[in-house]
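First up is the structure itself, then whatever we jot down about it.
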Amino acid sequence: MSVRSPIKQVPAERPAARLHWVRANIGWCFAVSGRPSKFAVTPVWRALLRLAVGSVAGIAIVAATMILVDAPAVTAAQRAPSWLIQVFDHITEFGKSLWFLVPIAVALAMIALLATPALPRMSRGVLAALAVRLGFLFFAIGLPGLVFTVGKRLIGRARPFVEGSANPLIYRPLGWNVEYASLPSGHAIDAFAAAMAIGALWPRARFVLWTYAVLIAVSRVVLTAHFPSDVMVGAVVGVIGALLVRDWYAARRLAFVLCADGTVRPWPGPSFARIKRVAGQLIAP
Numbered sequence: 351m352s353v354r355s356p357i358k359q360v361p362a363e364r365p366a367a368r369l370h371w372v373r374a375n376i377g378w379c380f381a382v383s384g385r386p387s388k389f390a391v392t393p394v395w396r397a398l399l400r401l402a403v404g405s406v407a408g409i410a411i412v413a414a415t416m417i418l419v420d421a422p423a424v425t426a427a428q429r430a431p432s433w434l435i436q437v438f439d440h441i442t443e444f445g446k447s448l449w450f451l452v453p454i455a456v457a458l459a460m461i462a463l464l465a466t467p468a469l470p471r472m473s474r475g476v477l478a479a480l481a482v483r484l485g486f487l488f489f490a491i492g493l494p495g496l497v498f499t500v501g502k503r504l505i506g507r508a509r510p511f512v513e514g515s516a517n518p519l520i521y522r523p524l525g526w527n528v529e530y531a532s533l534p535s536g537h538a539i540d541a542f543a544a545a546m547a548i549g550a551l552w553p554r555a556r557f558v559l560w561t562y563a564v565l566i567a568v569s570r571v572v573l574t575a576h577f578p579s580d581v582m583v584g585a586v587v588g589v590i591g592a593l594l595v596r597d598w599y600a601a602r603r604l605a606f607v608l609c610a611d612g613t614v615r616p617w618p619g620p621s622f623a624r625i626k627r628v629a630g631q632l633i634a635p
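In terms of my numbering, the sequence shown has 563 at position 213, counting the first letter as 1, and numbering is strictly consecutive.
Structure, rendered in structure tokens:
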């Protein structure tokens with residue numbers, strides 16, 4: 351574990367101290383997340399040459415997709431069988447960030463409320479480690495989508511068939527209309543940010559996570575809610591946003607470690623057995 355438990359020794363017998371513990375726990379979370387960086391190393395993926403080559407290649411691929419793929423893809427999607435559309439209509443609902451953010455927020459609130467000095471030191475440490483990881487997931491999943499919820503409306507790209515055609519080059523910039531908020535796909539941002547963030551903490555789950563993210567992206571095209579280039583840009587935004595939050599945490603030795611060669615690795619977290627033991631202590635009468 352990379353952080354110490356923040357909770358001060360407030361007498362557990364004082365009911366009024368509960369609010370103090372909550373404030374102390376919330377304040378600690380913001381304090382450790384905002385503390386100065388401990389490293390001057392730049393993560394390897396952010397090397398200038400890699401960013402330059404990746405940016406040029408990405409822009410070229412997206413531009414080619416807009417011109418060559420977008421219109422034929424959504425036109426074909428209109429002819430998809432009804433059963434396939436119904437399947438993806440259910441799948442796409444799981445691409446909303448609230449499926450992740452609400453449980454994470456509830457878990458963080460419970461930790462802030464229940465973590466007290468009455469718990470053993472080891473248990474407080476387990477809760478501190480969980481709070482750091484949950485905080486990372488909350489910001490890594492929530493921030494990219496929040497930023498581009500505004501940005502996509504300012505870009506103003508028309509969704510497929512909004513004006514009666516599959517023309518992918520219709521824009522009404524600087525507006526605030528959901529019909530002209532196609533680029534990038536918000537569902538793709540959320541799904542790929544979640545896949546990147548959760549996979550960064552638990553690498554063994556990456557195959558399932560990326561499969562989930564790709565299905566969400568495909569669903570947006572099948573339902574003609576977005577062009578393929580919209581979900582491509584959304585995927586890139588989600589991944590990069592989650593990586594930037596991960597790097598922020600790694601530079602402060604929170605949940606991740608930034609190695610000398612620029613690679614980022616997750617710190618080992620508390621075991622399931624320890625988490626279960628702490629949960630038992632919290633619900634015990």
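Beta carbons are placed, not taken as given, at the ideal position from N, Cα and C, and that holds for glycine.
This structure is a prediction, so every number in the text was calculated from the model and none was measured.
Contact between the stretch 507–523 and the stretch 542–558 is not established, with fewer than three Cβ pairs separated by less than 8 Å. The three-state secondary structure of Phe606, taken from DSSP, is strand. Listed as beta-bridge partners of Arg507 by DSSP are Tyr521. Going by C-alpha positions, Ala414 is about 35 Å away from Phe486.
Counting the other CB atoms within 10 Å of its CB gives Val628 a total of 16 or more, which places it among the buried residues. Taken atom to atom, the span from the alpha-carbon of Met416 to that of Ile376 is near 45 Å. In the three-state reduction of the DSSP assignment, Arg429 falls in the coil class, being assigned neither a helical nor a strand state. Closest in C-alpha terms to Asp597, from the list Ile441, Phe489, Trp449, comes Phe489.
Note on geometry: alpha-carbon atoms of Gly619 and Arg483 lie some 9 Å from one another.
In this model, Val587 and Pro494 are separated by some 7 Å (Cα to Cα). Scanning Leu496, Leu464, Val497 for the CA closest to the CA of Ala481 turns up Leu464. Using a Cβ distance threshold of 8 Å, Pro534 and Phe577 do not count as a contacting pair. Residue burial annotation: Arg602 is buried, with at least 16 other C-beta atoms found within 10 angstroms of its C-beta. Straight-line measurement puts the Cα of Met472 at about 53 Å from the Cα of Gly525. One alpha carbon belongs to Ala531, the other to Arg624, and they sit about 45 Å apart.
Shortest Cα-Cα distance from Thr425 to any of Tyr562, Val528, Asn517, Leu401 involves Asn517. Contact annotation: the stretch 455–464 does not touch the stretch 564–578, with fewer than three C-beta pairs closer than 8 Å.
Residue state for Pro453 is assigned as helix, using DSSP reduced to three classes. At a Cβ-Cβ threshold of 8 Å, Ile539 and Gly612 do not count as neighbours.
In the DSSP annotation of this structure, Val528 is not part of any beta strand (DSSP E), being labelled neither H nor E. At a Cβ-Cβ threshold of 8 Å, Ala459 and Ile491 do not count as neighbours. DSSP, read as helix, strand or coil, puts Pro618 in coil. Excluding residues up to 5 positions away in sequence, Gly506, Tyr530 lie with their Cβ nearer than 6 Å to the Cβ of Arg522 in the same chain. According to the DSSP assignment, Phe542 belongs to the alpha helix (DSSP H) that extends over 536–551. The closest CA to that of Val595, considering only Ile548, Pro431, Arg570, is found on Ile548. By the C-beta density criterion, Ala550 is buried, having at least 16 other C-beta atoms within 10 angstroms.
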